[in-house]
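Engineer: For the sequence shown, counting from 1, position 32 maps to 32 in UniProt numbering; every step adds exactly one.
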Amino acid sequence: MDSFEFTKIAGAVLSALLLIFGVKTAIDMNVGHTPEKPGFVLPAAAPAAEAATSKEDAAATAPAAGGGGEDVIALLAKANPENGKAIFKKCQACHVSEKGKAATVGPNLWDIVNRPKASFPGFSYSEAMKSKGGNWSFEELAHFLHGPKTFIPGTKMVFKGLPTASDEADVIAYLATLADTPVPLPK
Ligand code: HEC
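#1: How would you call M29, buried or exposed, if buried means at least 16 neighbouring beta carbons within 10 angstroms?
#2: Would you mind working out which of G69, L18 and A16 sits nearest P186, comparing C-alpha positions?
#3: What does the alpha-carbon distance come out to for the pair K78 and P184?
#4: Given a threshold of 16 other Cβ atoms within 10 Å of its Cβ, counted over all protein chains shown, does T155 qualify as buried or as exposed?
#5: Whose C-alpha, out of A142, F159 and H95, is nearest the C-alpha of F123?
#6: In the UniProt domain "Cytochrome c" (79-179), which residue ranges form an unbroken alpha helix (DSSP H) of at least 4 residues, counting only runs that do not cross its ends?
#7: Do W136 and N114 have their C-beta atoms within less than 9 angstroms of each other?
#8: Rounded to whole angstroms, what is the Cα-Cα separation between K130 and N83?
#9: Please state whether the Cβ-Cβ distance between K117 and G134 is less than 9 angstroms.
#10: Between residue 193 and D2, what straight-line distance do the alpha-carbon atoms span, to the nearest angstrom?
#11: Sorry if obvious, but does the Cβ on K156 come closer than 8 angstroms to a heavy atom of the ligand FMN?
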């Protein structure tokens, strides 16, 4: 086999290969590569789904966070101070409420309704409580007892809050009895 013959054979083989792969490539290009079913689904939908759930969460927690105010005020008219006295046992871990008694862990709660905040003599209040300002209206008591740290961030009252609006209303109705001249409950 001389070199000319070798070149001819090699050329024929290469042409054949070129033809085969050329045709295959052309077919591949025309068929395209979009698989009927993607191997995996891109997580593009996930953030939207998350946003939806967190919105739901927000909707679920919003009434609770906003609670402790007007709803409690509405409940006060038919609140049960006797039940409130029983619930007040939770508070007595830290508060006394008899007239003239010195403060314990927390300030004495005698005459608390409409009392200026952070005003019990000799009690060392947190800066947060001292700077809140105003008097303890029914509504503010409701907000505070619903979630002390939400209403006054930085308060040193370590209490997670009462579980229901009716408990809040009952305790507040009881607190209202602890005075020489009780503040009448809203009708
Ligand atoms: C674990 C102890 C603890 C418990 C339980 C607790 N408190 Fe308090 N409370 C405190 C402390 C301490 C303060 C002072 C908070 C501050 O200075 O930030 C306080 C402050 C208050 C104040 C503000 C008083 C003021 O003079 O301005 C009210 C009202 C109050 N508590 C009501 C209650 C009621 C009602 C309960 C029960 C439902 C309760 N607390 C349960 C410790 C407690």
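Beta carbons are placed, not taken as given, at the ideal position from N, Cα and C, and that holds for glycine.
Structural biologist: According to the structure shown:
#1: Exposed is the call here.
#2: Comparing Cα positions, the closest option is G69.
#3: 13 angstroms
#4: buried
#5: H95
#6: 81-87, 127-132, 138-146, 148-151 and 165-177
#7: yes
#8: 30 angstroms
#9: yes
#10: The chain is shown only over 1 to 187; residue 193 falls outside these bounds and no answer can be derived.
#11: No copy of the ligand FMN occurs in the structure displayed; its ligands are the ligand HEC alone.
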